[in-house]
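Visitor: Starting off with a structure, shown below.
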Amino acid sequence: MPPEKEQAVLVQQTTQKKESNKKKSKDKKDKLFHDTKKFLQSYRRLELSLKYSKAMQTKRLAANDMSFEWELRDDEIEFNDMVLQEAISALHCLKQMPEMGRVWYHLLQMKYFDVRPYKMSDDAIITALQEAGLFSDISKTTFYRYQKSAIRMYGEILWGSLDKNSSVYKKFVKMIHSHDLEKQI
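Numbering of the sequence shown is given in full-length UniProt numbering, commencing with residue 1 and proceeding in unit increments.
Structural data, given as structure tokens:
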């Protein structure tokens, strides 16, 4: 094979390898974003479920019910409590990020973590962020870009703090997907 053709083949193989690596990286980022958004969307439901479980646990203890079934439930309550604490901790880490950290924090806090009984609209969040002095004027397109970058960065903090091979991480992801299936039913 002539050297020119050999070099062209090598360049083509290198280019294909780079494109393949970019695609894998993009797929990984898309999965991270998707899992994070699913978790954020189910956060309030998880929090309410945990409050209900704790109330039932208190009633059970008052009734002196010590059955094995409830021991398993106690482990689940403890795990869910740990997951929600980890989520809040990641949110506070996000706030400490330079430049956009405060904007991302307030945006996610209002959209997913707020204790209001109703969900804030995007327009209400934009208005609240403007009133807080985080920016003077913002278009919806820019708001959605900020929201996407906030979710992506939050996901990197949240999932990055958990070892992917740990049972906690696997249970965490399984829990998110099971809540997503319950929502569809």
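Cβ atoms here follow ideal geometry from the backbone N, Cα and C, with glycine treated the same way.
Bear in mind the structure is a predicted one, so any value in this text is a computation, not a measurement.
Tell me whether residue 134 sits in a helix, a strand or coil according to DSSP, three-state version.
Guide: If DSSP states are grouped into helix, strand and coil, residue 134 belongs with coil.
Visitor: Among the candidates 122, 80, 101 and 5, whose CA atom is the shortest distance from the CA of residue 149?
Guide: When only C-alpha atoms are compared, the closest one is 101.
Visitor: Taking 9 angstroms as the cut-off, decide whether the C-beta atoms of residue 33 and residue 152 are in contact.
Guide: In this structure, residue 152 lies closer than 9 angstroms to residue 33 by Cβ.
Visitor: For a quick check, are the C-beta atoms of residue 112 and residue 40 less than 9 angstroms apart?
Guide: Closer than 9 angstroms, so yes.
Visitor: I want to know whether the segment 42-59 touches the segment 84-97 - three or more CB-CB distances under 8 angstroms.
Guide: As far as the Cβ criterion goes, the segment 42-59 touches the segment 84-97, which means the pair count is three or higher.
Visitor: What residue does the alpha helix (DSSP H) around residue 119 start on, and which one ends it?
Guide: Looking at the DSSP string, residue 119 is not in any alpha helix (DSSP H), and its letter there is neither H nor E.
Visitor: Specify the secondary structure class of residue 128 as computed by DSSP and reduced to three states.
Guide: Three-state result, residue 128: helix.
Visitor: Reducing DSSP to helix, strand and coil, say where residue 109 ends up.
Guide: Helix at residue 109.
Visitor: Thinking C-alpha only, which one of 4, 31, 36 and 12 is nearest residue 108?
Guide: When each option's Cα is compared against that of residue 108, the closest is 36.
Visitor: Apart from the five residues just before and just after residue 127, which ones in its own chain have a Cβ nearer than 8 angstroms to its Cβ?
Guide: Same-chain partners within the cutoff: there are none.
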